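Numbering-wise, my numbering comes out as the position in the sequence shown, counting from 1, plus 61. Glycine included, each C-beta is placed from N, C-alpha and C at the ideal position. Predicted model, so just to flag it, every value in this text is computed and none were measured.
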Amino acid sequence: MLRSTFLAFALPAIGISTAQLPPGCPATAGQHLFEVNDQWAAREPSAFADARPVRFPSEAARIAEHLHRVRQHLALDPPEGLSLPARSQRWALLEALDTYADRGIFPLNDIVAGRSPVFIDKLGNACAVGHLMITSGHAELAERISEELNLAYVHDIAIPEVAEWATTNGFTIDELAWIQPTYDHMKIRDPSLVATFQLANGDRFEVRGPASSGAAQKLRLLRKDLAGDKVLATLPLLSGVKIMEYNGHLFIGGMPPDNGPSAELYEWTGKSLQAQDPFTGRLGIGSISVKNGRLTIVGYALGEARPQERYLTEAGEWKEVPPTPTPEPGVVIPEERLP
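In structure tokens:
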């Protein structure tokens, strides 16, 4: 069944897609998944059995659905003979893949026409496989692939270290090829727009980058309504920005810059901007969402496979959400814990 909730507030690019099957076009789930990765035909033909038409609000939502579904299949069907360390690492990286999919920030293909893999784009956004390598502490391998074979399919990446990495982390090359999305060629319209959120009353909030290279290097929070645009506040130049409304307040999160405050989250109360620091150190923000009525934030540290999760209490404090335990060999994961 298709997941109905996607975090689509982060906008690495606003553009026009030239997909043969646009995400908003009614088609079967299998046809949409095949558009993202043709490995579906060989790996899971049952995905094409459901004839009901579906559509997606964006290309990012469709890619996220592909990643969530692949993750679900891989969680249920690990390769035989995995060592306990490889099994543990595989599970942690599958959890990281879910978080990455929810984050919704994927590489931009502004290089070639049609669909193509992009390992790491010009903005530093890594593909799913590249993200798993970086998360596991092997950023140098991901960067090497980007430099030498940035548009290659996994099956065509003839670098021995890739197979070694896959084995160590509990994956096969075929599984990585199934994970790897393709990205349709996009034409950037508005590169200054970082994130956006619209209220039920029609008011629109935007997070934008610096007005110019000579302006203060800060993000700007704007409100757009019938009266025009108004800059509400400025905040540090976060990367991977998310925005979420909760109890009438806006929460803007992202990876803080190396130089400056370590806060990953900022709260706009309607009158002022307040810094929040849910995590120790500087973490990237995987997602901001409301779960069980509580504001929940997922953070990830470079080089660490398992993300950290916090929720906001009624007292205004951030509490840790215990991580999902790694299953022992032979233990079946309950279906309700799968995506």
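query	result
Proximal residues to residue 323 (C-beta, below 8 Å), its chain only, five neighbours per side dropped	317, 338, 342, 343
6 Å Cβ shell around residue 348 - same chain, five flanking residues per side excluded	68, 163, 164, 359
For residue 119 and residue 210, the rounded distance between their alpha carbons	27 Å
Classification of residue 71 by the beta-carbon crowding that lies within 10 angstroms, buried from 16 upward	Its pLDDT being 40, under 50, residue 71 is placed unreliably by the model, and the measurement read from it follows with that caveat. Result: buried.
Beta carbon of residue 180 nearer than 8 Å to that of residue 191	yes
Supposed close pair residue 361, residue 229 - CB separation, criterion 8 Å	With 8 Å as the limit, residue 361 and residue 229 do not qualify as a contact, their Cβ atoms being about 20 Å apart.
Cβ pair residue 282, residue 302 closer than 8 Å	no
Check whether residue 295 and residue 279 have beta carbons under 8 Å apart	yes
Bounding residues of the alpha helix (DSSP H) (the contiguous stretch that carries residue 265)	Note, residue 265: premise wrong, no alpha helix (DSSP H); beta strand (DSSP E) at 265 to 269.
Whole-angstrom C-beta distance between residue 241 and residue 188, which should lie under 8 Å	6 Å
Buried/exposed call for residue 260, threshold 16 Cβ in 10 Å	exposed
Contact belief for residue 169 with residue 182 at Cβ below 8 Å, rounded distance in angstroms	5 Å
Three-state secondary structure assigned by DSSP to residue 337	strand
Alpha carbon of residue 87 to alpha carbon of residue 245, nearest angstrom	18 Å
Contact under 8 Å by Cβ, residue 243 with residue 351	no
Check: residue 193 C-beta below 7 Å from any heavy atom of the ligand ADP	No copy of the ligand ADP appears in this structure; indeed no ligand is present at all.
C-alpha gap between residue 330 and residue 357, whole angstroms	17 Å
Beta-carbon proximity check, residue 239 vs residue 132, cutoff 8 Å	no
Whole-angstrom distance between residue 231 and residue 148, CA atom to CA atom	6 Å
Exposure label - residue 127; buried when at least 16 CB within 10 Å	buried
Own chain residues within Cβ distance below 8 Å of residue 396, not counting five before or after	With a pLDDT of 41 at residue 396, under the threshold of 50, the modelled position of that residue is not reliable, and the figure given next carries that caveat. Within the same chain, residue 396 has no close Cβ partners at all.
Beta-carbon gap between residue 340 and residue 371 smaller than 8 Å	yes
Sequence-distant residues of the same chain with beta carbon closer than 7 Å to residue 291, five excluded per side	283, 284
Euclidean distance between Cα positions of residue 218 and residue 101	20 Å
Alpha-carbon to alpha-carbon, residue 293 and residue 235	49 Å
Residue of 289, 135, 222, 121 minimising C-alpha distance to residue 205	222
Classification of residue 136 by the beta-carbon crowding that lies within 10 angstroms, buried from 16 upward	buried
Contacts around residue 116, its chain only, beta-carbon distance under 6 Å, and the 5 residues preceding and following it disregarded	85, 87
Own chain residues within Cβ distance below 6 Å of residue 376, not counting five before or after	none
Entirely enclosed beta strand (DSSP E) segments - the region 202 to 235, minimum 3 residues	none
Residues of its chain near residue 213, where Cβ-Cβ distance is below 7 Å and the 5 sequence neighbours each way are ignored	178
Candidates 315, 286, 319, of which the one nearest residue 328 by Cα	315
Neighbourhood of residue 193 by C-beta, 7 Å cutoff - its chain only, sequence neighbours within 5 removed	154, 157, 158
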